[in-house]
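To convert a position in the sequence shown, counted from 1, into my numbering, add 31. A virtual CB, placed ideally from N, CA and C, is assigned to each residue, including glycine.
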Amino acid sequence: MNDVVIVSAARLPIGRFGGSLREVSDWDLGTIVIAEAMKRAGLRGDEIDEVIMAHGFRTGDLPANSSRAVALKAGIPIEIPQFTINKACGGSLRAI
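1) Kindly indicate which residue of Asp77, Asn33, Trp58 and Val36 has the alpha-carbon position closest to the one of Leu43.
2) Short of 8 Å in beta carbon distance, which residues of its chain neighbour Leu52, apart from the five on each side in sequence? Order them along the chain.
3) So is Ile107 buried or exposed if we call it buried at 16+ other beta carbons inside 10 Å?
4) Give the C-beta separation of Val64 and Ala41 to the nearest angstrom, bearing in mind that I take them to be a contact with Cβ-Cβ under 8 Å.
5) Can you tell me whether DSSP reads Val101 as helix, strand or coil?
6) Since Arg71 and Ser39 should fall inside the 8 Å C-beta cutoff, what is the C-beta to C-beta distance between them, to a whole number of angstroms?
7) Answer with buried or exposed for Ile37, where buried requires no fewer than 16 other C-beta atoms within 10 angstroms of its C-beta.
8) On the CB-based measure, 16 or more other CB atoms within 10 Å of its CB, does Val101 come out buried or exposed?
9) Which residues share a DSSP beta bridge with Ile116?
10) For chain D, is any of its Cβ atoms less than 8 Å away from the one on Asp80?
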C-alpha cells in the first residue's frame with residue numbers, strides 16, 4: 032500500500048451567485064486554484080500524481096470532467112489521472 036500525502040490545497044474566495052466573480056470564467060477559476068496549489072507546494076505539473084477537484088455548482092461551459100480540463104490548462108500533463116467530484120457543498124470533504 033502506498034502512503035497518500037496531500038502536499039497542497041487551495042480554494043477560491045467565497046462569492047455570491049452572480050456576484051463579483053461572475054465575469055471570471057469557470058475555466059479560469061479552476062486553473063487559478065490548481066496553479067496556486069502547485070505553486071504553494073513548489074511542484075511542476077509533471078510532478079503531480081493525481082488531481083482531485085470538487086465543485087459546488089457547475090456553471091458555464093466546463094465539461095462534466097472539469098478537473099481534466101482545468102488541470103490541462105494549468106500545465107498538468109494529460110497522462111496524469113484526474114477526476115471531478117460533484118456533490119455540491121460536500122464535494123470538498125469528499126476530495127480530501
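Concretely, from the data shown:
1) Of the candidates Asp77, Asn33, Trp58 and Val36, the residue whose Cα lies closest to the Cα of Leu43 is Trp58.
2) Closer than 8 Å at Cβ, skipping near neighbours: Leu43, Pro44, Gly46 and Leu60.
3) Result: buried.
4) Between Ala41 and Val64 the Cβ distance is about 5 Å, and since that is below 8 Å, they are a contact.
5) Looking at Val101 - three-state DSSP - the assignment turns out to be helix.
6) Contact between Arg71 and Ser39 holds, with the beta-carbon distance rounding to 5 Å and staying under 8 Å.
7) In this structure Ile37 is exposed. Its beta-carbon is surrounded by fewer than 16 other beta-carbon atoms within 10 angstroms.
8) So Val101 ends up on the buried side.
9) Residue pairing by DSSP places Ile116 opposite Ala85 in a beta bridge.
10) Of the chains in the structure shown, none is chain D; there is only one protein chain.
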